[in-house]
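K.L.:
The listed protein sequences correspond, in order, to chains A and B. With positions in the first sequence counted from 1, the corresponding number in this note's numbering is that position plus 105. With positions in the second sequence counted from 1, the corresponding number in this note's numbering is that position plus 188.
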Amino acid sequence: MASFAPEVIFQIGRFPVTNTVINTILVDGFLLMLAFFVNRNISKIPGKFQLIAEYVIGGLYRLTESIAGDKTSRIFPFFITFFLFILIANWSGLIPGINTFGIIEQHGGKTHIIPFIRATTSDLNTTLALAVVSLLATHTMSLRVLGLSEYLSRFIPFFPFIISVLKGKPKFSLDMSGPINLVLSIFSPFVFVFVGLLELISEFVKVISLSFRLFGNIFAGEVVLETVSGIFAFIFPLPFLVLELVVGFVQALVFSMLTMAFMIILTTPHKEAEEVSHSSGV
Amino acid sequence: MSILEDFGVNPLLLIAQVVNFLIILFILKRFMYKPILEAIKKRGDEVAEGIKSAEEGQKKLEVALEKEKEILTNAQIQAEKIITSAREESGELKKQIEENTRRDTERLVEQSKETIKEEARQAEERLIRRIGEIAIALLEKSLGGVFGKKEQKIILKKALTELGKQELL
């Protein structure tokens, strides 16, 4: 697995079916099967399967509730779906021997195996897509919760000022109580503009950091496993496999927790955030 | 954009993954999280209700036990009262019955005494009469050879009179 890009197994029209796409479909299938079984077996007195499902879903719900509070019902579906999808995807690449099935390819006198299945999170397409969904969902939620004006004023801090000008009553005051205050009140709008710009940039950085973090971790893990297996195939790779299991779990948690954090930050109005920071003594 | 190409980013794949994730999100939300969370909530509510009703039941039980105690105490007191009064009544009854029996017995004894006296008297009478008759018969037989008919008649008459006087005839 030398290339960053997923290998195309076959094409449907213009759509390249890569090994990560096949993996995505399998992960989807697994999750759908899970949903099907959970949905079918729900009863008042839970069976083993329902108990496990309740433990996982209920536990994650309480975790979300403890962080998100009254926004739980909005954030929870994204949080848990990101978590489950990424977790299953990460671990699906760790099934021993899964990437030994593939097309044998002669390349420069060396034989390569192009596996049919490769963890979908080791494909930047997938992680980027997840990050984009995370970003879009966050911003949609922010718009819905805060309203357009409050939402825009985060990125364009002088938005309230523009509105007040449009209404014909510009809200602008200079603090004349002292020379330092005067200078501050003249310069602070520029600072706010700069902060707004930073906020805007940070949104794009979020996408990049989310997607590359996940992609890098999982891709690196696969490379490590392949290399280690190449050195000595028995027992030796086991510690690395355990490590990758942990990494897969942690990365799934990191992605979903960060998404949750972004959602909470972007759905909290400026004033409330100030009050919170004041009351907590920050 | 060559960096993205190096990483194999393909707009088609990207869009496909976005759509795929949204579909999965929707399905899981609708068919997995919602029913499970509802089940958990429902059970939690039921358990809370159960505990509440159990507490209520306990309270009611305590009240009932208290009442039971009270009723039992009252019943005991009443029972004792009844027993005491019954004992008193029975004592009185016993006395009365004894009295009656004594009186009846006395009466019976008196009656029997009188009957015995009467019978004795009658027997005495009969005996006297019989003695008289025997005496007459004895006199007739013994006088036969000794006196003539006339004397016999006179003696018998005298004897009869004498016996009558003695109330033996």
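Note that beta-carbon positions come from the ideal geometry of N, C-alpha and C, so glycine has one too.
(1) Which term fits residue 238 of chain A, buried or exposed, when burial requires 16 or more other beta carbons within 10 angstroms of its beta carbon?
(2) Going by C-alpha distance, which of A/365, A/247 and A/193 is nearest residue 260 of chain A?
(3) What's the gap between the Cα of residue 110 of chain A and the Cα of residue 230 of chain A?
(4) To the nearest whole angstrom, what separates the beta carbons of residue 365 of chain A and residue 180 of chain A, a pair I think is in contact under 8 Å?
(5) Please determine, among A/333, A/356, A/357 and A/358, the residue with the shortest C-alpha to C-alpha distance to residue 346 of chain A.
(6) Mapping the DSSP letters down to three states, classify residue 208 of chain A as helix, strand or coil.
(7) If I follow the unbroken beta strand (DSSP E) through residue 372 of chain A, where does it start and stop?
(8) Give me the Cβ distance between residue 226 of chain A and residue 358 of chain A, rounded to the nearest whole Å; I'm assuming they're in contact under 8 Å.
(9) Quick one: what's got a C-beta closer than 7 Å to residue 234 of chain A's C-beta in the same chain, skipping five residues either side?
(10) Residue 212 of chain B versus chain A: which residues are under 7 Å apart at the beta carbon?
(11) Give the range of the beta strand (DSSP E) segment to which residue 220 of chain A is assigned.
(12) Which residues in chain B sit within 9 Å of residue 121 of chain A, going by Cβ to Cβ distance?
(13) Of the choices A/354, A/165 and A/124, whose alpha-carbon is the least far from that of residue 205 of chain A?
(14) Taking the alpha-carbon positions, what's the residue 278 of chain B to residue 302 of chain B distance?
(15) Name the chain D residues whose beta carbon is nearer than 7 Å to that of residue 115 of chain A?
(16) Distance check for residue 264 of chain B and residue 276 of chain B, CA to CA, integer angstroms please.
(17) Does the distance from the C-beta atom of residue 144 of chain A to that of residue 219 of chain B stay below 8 Å?
(18) Count Cβ pairs between the region 135–150 of chain A and the region 206–218 of chain A that sit closer than 8 Å; are there 3 or more?
(19) Sorted by chain position, which residues of the same chain lie with C-beta nearer than 6 Å to residue 371 of chain A's C-beta, five sequence neighbours on each side aside?
(20) Can residue 201 of chain B and residue 121 of chain A be called in contact, C-beta distance under 8 Å?
(21) For residue 106 of chain A and chain B, any beta-carbon pair shorter than 8 Å?
(22) From what residue to what residue does the beta strand (DSSP E) around residue 121 of chain A run?
(23) Can you pull the chain B residues whose beta carbon is under 8 Å from the beta carbon of residue 158 of chain A, in chain order?
(24) Just to confirm my understanding: we take residue 158 of chain A, look at its own chain, exclude 5 residues before and 5 after, and list those with CB closer than 7 Å. What are they?
P.N.:
Let me lay it out:
(1) Here residue 238 of chain A is buried, its C-beta having at least 16 other C-beta atoms within 10 Å.
(2) For residue 260 of chain A, the nearest C-alpha among the options comes from A/247.
(3) C-alpha separation (whole angstroms): 9 Å.
(4) Yes, residue 365 of chain A and residue 180 of chain A are in contact; Cβ-Cβ is about 6 Å, under 8 Å.
(5) That would be A/333, whose Cα lies nearest to the Cα of residue 346 of chain A.
(6) Reduced to three states, the DSSP call for residue 208 of chain A is strand.
(7) Where residue 372 of chain A is concerned, there is no enclosing beta strand (DSSP E), given that its DSSP letter is neither H nor E.
(8) Residue 226 of chain A to residue 358 of chain A, Cβ: 13 Å. No contact.
(9) Residues of the same chain with a CB within less than 7 Å of the CB of residue 234 of chain A, apart from the 5 flanking positions on each side, do not exist.
(10) Listed along the chain, the chain A residues whose CB falls inside 7 Å of the CB of residue 212 of chain B are 133, 136, 186 and 190.
(11) Taken as a continuous stretch (DSSP letters only), the beta strand (DSSP E) holding residue 220 of chain A covers 215–220.
(12) Those within 9 Å of residue 121 of chain A in chain B are 198, 200 and 201.
(13) Closest in alpha carbon position to residue 205 of chain A, among A/354, A/165 and A/124, is A/124.
(14) Distance between the alpha carbons of residue 278 of chain B and residue 302 of chain B: 35 Å.
(15) Judged by its chain identifiers, the structure shown contains no chain D, and its protein chains are A and B.
(16) In this model, residue 276 of chain B and residue 264 of chain B are separated by some 18 Å (Cα to Cα).
(17) Remark: C-beta atoms of residue 144 of chain A and residue 219 of chain B approach each other more closely than 8 Å.
(18) These segments do not touch.
(19) Cβ within range, chain order: 243 and 247.
(20) The answer is yes: Cβ separation under 8 Å.
(21) Any reading at residue 106 of chain A must be qualified, since the residue scores a pLDDT of 49, below 50, and its modelled position is unreliable; no value is offered.
(22) Element bounds for residue 121 of chain A: 120–123.
(23) Going along chain B in sequence order, the residues near residue 158 of chain A (Cβ under 8 Å) are 220 and 224.
(24) So the list reads 143, once near-sequence residues are dropped.
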